[in-house]
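Asker: One structure coming up, written as structure tokens, with questions to follow.
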Amino acid sequence: MTEGTLAERYARVKAGIGSNTRLIAVSKTRSVEEIKALLKLGHRDFGENYPQELKAKAAALQKDIRWHFIGHLQRSNVKHVVGIASLIHSVDSERLLDEIEKRSAALGITTDVLLQVHIAQEETKHGFSPEEVRGLLAGAPALGRWPHLRILGLMGMATNTEDMDQVRREFRSLAELHRELRAHPGLRPEDFTELSMGMSGDAAVAVEEGSTLVRVGTAIFGERSGKATG
Ligand SMILES: *Cc1c(COP(=O)(O)O)cnc(C)c1O
């Protein structure tokens, strides 16, 4: 999966997802030089997981990059992300929505977000349950409560398993929830168009199940040496 030069891997990944899905190159832990190499190939969508790292890279790199925040976001870090990220994929609580609203209002901007939904079997993945998302939208007329947010869709991560049938079922359930919620009176159907699902190991399945945004790191940049967490 990770043989060849960066340009070869990038071309392979792009060809694999087709033209209806946007590719986000996940550049967490990668150097500014590695990102520049992909910029030279014309790529502009990059995904980051850590607020301070996003902030530092955004300051160091050209301004036409579209940064996607995809990691777990704590409310105390919202100030580092709002105003930089063009889309926050990983909004997983009502309090976080409120905090992003507050910060966006203070800056006088509108922030685009996705609601992260827990579809995997692992306990460790963050996100709303489908019931919580329905409750969130039923309980609050979403547009009125967060006037500085645009909720553009859903994000999910499948179980980390070799069983692609299970992965497919999880992606399909997210796509079905997305279709269901599009009709919700608290959302603008013309806004609610994005479905962020698929990573290096399961992007092909995600695209088949309707993904509009795939988040691919390893298959483009190679294996991450990783943070020393043992
Ligand atoms: C790291 C990460 C990715 C990319 O994972 P790869 O397996 O390297 O493609 C995608 N999405 C999220 C949320 C991530 O944290």
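First residue of the sequence shown: 5, per the numbering used here; consecutive thereafter. The beta-carbon is built from N, C-alpha and C at its ideal position, and this holds for glycine as well. Keep in mind that this is a model prediction, so the values were computed, not measured.
1) Run the CB neighbour count on Ile74, radius 10 Å, all protein chains shown included, and call it buried at 16 or more, exposed below.
2) What's the gap between the Cα of Lys83 and the Cα of Arg173?
3) For Val220, which beta-bridge partners are listed by DSSP?
4) Quick check: is any heavy atom of ligand 1 less than 7 Å from the C-beta of Ala223?
5) Mind checking whether the beta-carbon of Val30 lies closer than 7 Å to any heavy atom of ligand 1?
6) Enumerate in chain order the residues of its own chain whose CB-to-CB distance from Ala210 is below 7 Å, with the five nearest sequence positions on each side excluded.
7) Return yes when the C-beta of Val85 is under 7 Å from any heavy atom of ligand 1, and no when it is not.
8) So, is Met159 buried or exposed, given that buried needs 16 or more other C-beta atoms within 10 angstroms?
9) Beta carbon of Leu111, beta carbon of Ser94: below 8 Å?
10) Taking just the CA atoms, how far does Ile224 sit from Arg55?
Answerer: Looking at the coordinates:
1) Position 70 of the sequence shown holds residue 74. That one is buried.
2) Here residue 83 refers to the residue found at position 79 when the sequence shown is read from its first residue. Here residue 173 refers to the residue found at position 169 when the sequence shown is read from its first residue. Each residue's Cα considered, the two are about 36 Å apart.
3) Within the sequence shown, numbered from 1, the residue matching residue 220 stands at position 216. DSSP output for Val220 lists Ala29 as bridge partner(s).
4) To locate residue 223, count along the sequence shown from 1; it is residue 219. A heavy atom of ligand 1 is found nearer than 7 Å to the CB of Ala223.
5) Position 26 of the sequence shown holds residue 30. Checking the Cβ of Val30 against ligand 1 gives yes.
6) Within the sequence shown, residue 210 is the residue found at index 206, counting from 1. So the list reads Phe175, Met201, Gly202 and Val218, once near-sequence residues are dropped.
7) Walking along the sequence shown from the start, residue 85 turns up at place 81. Checking the Cβ of Val85 against ligand 1 gives no.
8) Sequence index remark: in the sequence shown, residue 159 carries index 155 (1-based). It is buried - the Cβ of Met159 has at least 16 other Cβ atoms within 10 Å.
9) As a position in the sequence shown, residue 111 is number 107, starting the count at 1. As a position in the sequence shown, residue 94 is number 90, starting the count at 1. Not closer than 8 Å, so no.
10) Along the sequence shown, read from residue 1 onward, the residue named residue 55 stands at position 51. Along the sequence shown, read from residue 1 onward, the residue named residue 224 stands at position 220. Checking the sequence shown, residue 55 turns out to be Pro, not Arg. Counting only the Cα atoms, Ile224 lies some 22 Å from Pro55.
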